[in-house]
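To start, the structure under review is shown below, and the notes come after it.
There are 2 protein chains.
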Amino acid sequence: MPRPKEFDEEQALDAAMRTFWANGYEATSTEDLCRATGLGRSSIYNTFSSKHELFKRALVRYTELMTDNQIALLEDETRSPGRRLRDLFDAIIAGEVENRRDDRGIGCLTVNTTVELAGRDPEAAELVEHDQRRRLDALRAVIATGLRDGEFRSGRDPAELARFVNAVIAGIRVAGQGGADIPTLNAIADTARQAL
Amino acid sequence: MPRPKEFDEEQALDAAMRTFWANGYEATSTEDLCRATGLGRSSIYNTFSSKHELFKRALVRYTELMTDNQIALLEDETRSPGRRLRDLFDAIIAGEVENRRDDRGIGCLTVNTTVELAGRDPEAAELVEHDQRRRLDALRAVIATGLRDGEFRSGRDPAELARFVNAVIAGIRVAGQGGADIPTLNAIADTARQAL
DNA sequence: CGCATTTTGGACAGATCAATACAAATAGGA
DNA sequence: TCCTATTTGTATTGATCTGTCCAAAATGCG
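Top line first, the protein sequences correspond to chains A and B.
Each residue of the first sequence is one higher than the last, beginning at 619 in the numbering used here.
Each residue of the second sequence is one higher than the last, beginning at 619 in the numbering used here.
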């Protein structure tokens with residue numbers, strides 16, 4: 619039998635994800651990834667093949683961690699649609715609070731990837747779009763329920779409103795990266811919820 | 619007297635701006651900048667000192683071109699506040715239409731810079747924040763007028779609403795980069811305006 | 001105890017990066 | 001026409017980049 623790995627693959631992936639998340643794809647060197655994961659170059663290339671493959675796995679892991687959690691909030695039928703949306707915004711802003719560096723957010727890896735890579739990296743674009751579809755579907759469902767129940771009063775199409783909410787979330791992420799404080803981010807979220 | 623430059627500095631700056639805008643700071647090499655501007659390395663370094671200095675000048679030029687124009691729309695007192703906001707969104711979305719590559723927007727250089735650089739480049743962050751302050755001031759002023767006139771009915775603070783509108787604009791930019799089509803972007807903008 | 005198989009560390013390869021050195025070219029003024 | 005000052009093109013520097021090579025180390029099995 620072969621020599622066993624001396625590290626936990628998932629743990630290394632988390633460290634890499636966090637590095638890409640904080641610094642972006644281009645600004646993260648393979649040496650940065652070695653330092654962050656604690657692995658040697660051979661272990662990284664043996665396990666993840668290339669920087670680009672590692673990035674894709676990190677991106678998938680990010681969406682699994684974040685979006686699964688957020689969709690669970692949106693599908694929690696013990697709460698009203700309006701309450702679920704509030705919980706979603708609260709969770710997003712709580713995440714922004716946790717991930718601040720020098721009084722700035724580090725944003726959201728899918729938003730960062732959309733901005734940095736989607737235009738010239740079709741594989742990254744496809745991963746982000748798949749995540750986007752899942753998020754929009756869940757948002758549309760909860761918004762449609764809220765409209766049917768009369769909790770939301772907008773006359774707009776639920777799919778359009780889902781796009782709107784999703785855009786506001788991206789805007790909150792960018793505002794956090796620009797240095798906006800938490801009360802400001804909460805006010806943006808509250809204003810958006812009022813639009814429904 | 620010295621030998622005169624063979625090129626127009628402003629024209630070269632525009633080409634560099636466009637390259638940074640489309641591809642980001644890290645992914646733009648100095649050779650890319652030579653190709654885009656048509657200049658040799660010596661001319662670029664002689665005129666702009668370094669890649670980073672050139673980027674800062676390109677960013678300033680971008681904000682001057684874009685934000686000056688947008689603030690003029692917001693301060694056009696021949697139109698109602700609601701109409702001015704609609705004109706602003708229309709102009710932003712028209713810009714998105716003009717700048718598409720492979721069915722995707724290239725976004726907004728200030729949003730892209732916030733996402734890619736603000737966390738680790740204080741000079742870029744300061745330039746973006748100065749632009750942000752100007753945009754927010756103009757937004758707040760027009761929203762305050764609309765509230766006073768009764769055209770807007772939100773009970774919220776104008777500064778908060780300005781932050782909200784600004785976040786939606788960033789969200790529209792990101793959505794455009796993610797491949798959203800124009801009717802979708804318009805629907806997001808309309809929903810945001812309804813919130814006022 | 002070898003044997004087969006994989007991991008690991010460190011050196012290295014080849015490309016590319018930002019930036020510089022330098023001489024030839026180009027202009028006006030003396 | 002020579003002098004000075006600047007621009008321009010090319011070659012090059014030294015650093016850094018991603019990715020590979022290879023031998024030593026580590027495991028279970030026969």
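Where is the CB? At the ideal position from N, CA and C, for every residue including glycine.
On a predicted model such as this, the values are computed, not experimentally measured, just so you know.
Do you know whose CA, among the options, lies nearest residue i's CA?
i        : options                                   : result
A:Thr646 : A:Asp626, A:His670 and A:Glu628           : A:His670
B:Leu657 : B:Arg679, B:Asp626 and B:Ala676           : B:Asp626
A:Arg758 : A:Arg781, A:Ala712, A:Gln812 and A:Ala798 : A:Arg781
A:Leu803 : A:Ile711, A:Asp720 and A:Tyr680           : A:Ile711
B:Asp739 : A:Glu741, A:Asp739 and A:Arg722           : A:Arg722
Taking the alpha-carbon positions, what's the residue i to residue j distance?
i        : j        : result
A:Arg701 : B:Asn717 : 38 Å
A:Tyr643 : A:Gly768 : 44 Å
B:Leu683 : B:Lys674 : 14 Å
B:Thr763 : B:Gln688 : 17 Å
A:Arg752 : A:Leu745 : 11 Å
A:Val783 : B:Asp694 : 30 Å
B:Leu765 : B:Leu779 : 11 Å
A:Ser661 : B:Ser668 : 37 Å
A:Thr731 : B:Met619 : 50 Å
B:Tyr663 : A:Glu624 : 48 Å
B:Thr648 : B:Phe770 : 48 Å
B:Gly794 : B:Leu754 : 22 Å
A:Arg659 : A:Pro699 : 48 Å
B:Asp720 : B:Thr681 : 25 Å
A:Glu741 : B:Pro622 : 47 Å
A:Thr696 : A:Phe666 : 41 Å
A:Gly713 : A:Ala690 : 16 Å
B:Arg653 : A:Arg653 : 35 Å
B:Ala777 : A:Ala777 : 29 Å
Rounded to whole angstroms, how far is the Cβ of residue i from the Cβ of residue j, which I believe are closer than 8 Å?
i        : j        : result
A:Thr577 : A:Asp749 : Because residue 577 of chain A is not part of the residues shown, which for chain A are 619 to 814, the question remains open.
B:Ala633 : B:Thr655 : 5 Å
B:Ile800 : B:Val715 : 6 Å
B:Gly796 : A:Glu747 : 7 Å
Would a C-beta distance cut-off of 8 Å place residue i and residue j closer than the cut-off?
i        : j        : result
B:Val786 : B:Leu703 : no
B:Leu631 : B:Leu651 : no
B:Leu692 : B:Ala756 : yes
B:Ser772 : B:Ala813 : yes
With a threshold of 7 Å, establish whether the CB of residue i neighbours any heavy atom of the ligand FMN.
i        : result
B:Ala777 : No copy of the ligand FMN appears in this structure; indeed no ligand is present at all.
Inset, instruction - Assess, as a yes-or-no matter, whether the stretch 707-716 of chain B is touched by the stretch 789-806 of chain B under the definition of 3 or more beta carbon pairs within less than 8 Å. - result: The stretch 789-806 of chain B makes contact with the stretch 707-716 of chain B, as at least three CB pairs between them are under 8 Å.
Inset, instruction - Check whether the stretch 731-745 of chain B touches the stretch 796-813 of chain B, counting contact only when three or more Cβ pairs, one atom from each stretch, lie closer than 8 Å. - result: By the Cβ criterion, the stretch 731-745 of chain B is not in contact with the stretch 796-813 of chain B, since fewer than three pairs of Cβ atoms, one from each stretch, lie closer than 8 Å.
Legend entry - Contact between the stretch 631-643 of chain A and the stretch 720-732 of chain A (3+ Cβ pairs under 8 Å): As far as the Cβ criterion goes, the stretch 631-643 of chain A touches the stretch 720-732 of chain A, which means the pair count is three or higher.
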